[in-house]
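Structure first, then comments.
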Ligand SMILES: CC(C)(COP(=O)(O)OP(=O)(O)OC[C@H]1O[C@@H](n2cnc3c(N)ncnc32)[C@H](O)[C@@H]1OP(=O)(O)O)[C@@H](O)C(=O)NCCC(=O)NCCS
């Protein structure tokens, strides 16, 4: 399928909120985690969150929720792409917009991905996120969340920018296999 180019903007209307909550509550991993429409709406309306909407081909294409306050400065809380637009580059563009916002005020972007969410794990690895650790039984007993992060300085290195001390990729920070991590929830 062809790549779709999206524009991102801040969430601003009840209709935006409805689109996001509807998408979240009808997508894995949240269905398995029991996040229904009402719970999803509460996440979208969190006053401490920044929510960005992606629009492409004249329609709602997805969203991403960021936390940029306190110890969670740089946390990518949630990302989802409309069912019929997945695999067309929307998620990558939302992640790029999120990183631009985060790296303007924090050196690290980080997020949790449920161990069973193979597709999302592939995406984050491709974008340069490194494994930090495993949160066992975090949302649901018997499932793990994998904590991953990306360092703004690594982005600079990839662009060939001078950033001071040289760094090398640490092989111990690649994501563990599914069998290493407990089969997870989201
Ligand atoms: C994960 C997700 C945000 C990726 O968005 P996307 O627009 O499909 O991603 P892109 O097109 O930019 O990149 C495609 C990559 O996403 C990953 N991917 C994950 N789920 C996918 C799906 N259903 N279809 C296609 N690609 C998917 C793959 O790694 C793929 O890379 P590859 O082609 O090298 O295998 C999207 O699939 C989604 O909304 N999934 C459901 C919600 C979710 O899992 N959110 C993440 C919670 S941590």
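Numbering (my numbering), first residue to last: 517 to 702. For every residue, glycine included, the Cβ atom is placed at its ideal position computed from N, Cα and C.
DSSP links residue 651 through a beta bridge to 661. Residue 594 counts as buried, since at least 16 other C-beta atoms from the protein chains shown sit within 10 angstroms of its C-beta. A direct Cα-to-Cα measurement between residue 647 and residue 639 gives close to 13 Å. Counting other Cβ atoms within 10 Å of its Cβ, residue 573 stays below 16 and is therefore classed as exposed. Its Cα nearest to that of residue 562, the residue 581 stands out among 575, 576, 581, 550.
Membership of residue 539 in the alpha helix (DSSP H) is indicated by the continuous run 530 to 541. Closest in alpha carbon position to residue 619, among 555, 657, 584, is 584.
By the criterion of a C-beta distance shorter than 8 Å, residue 520 is surrounded in its chain by 572, 573, 577, 601, 604, 605, 606, once the five residues flanking it on both sides are discounted. Note on residue 517: under 16 other CB atoms within 10 angstroms of its CB, so exposed under the neighbour-count rule. Counting C-beta atoms within 10 angstroms of its own C-beta, residue 621 has fewer than 16 neighbours from the protein chains shown and is therefore classed as exposed.
For residue 525, the Cβ stays outside the 7 Å cut-off from all heavy atoms of ligand 1.
In the three-state DSSP reduction, residue 635 falls in the helix class (H, G or I). Between ligand 1 and residue 651, a heavy atom-to-CB distance of less than 7 Å is absent. Taking all protein chains shown into account, residue 545 has 16 or more neighbouring C-beta atoms within 10 Å of its C-beta and is therefore buried.
Of the candidates 672, 534, 634, 634 places its Cα closest to the Cα of residue 660.
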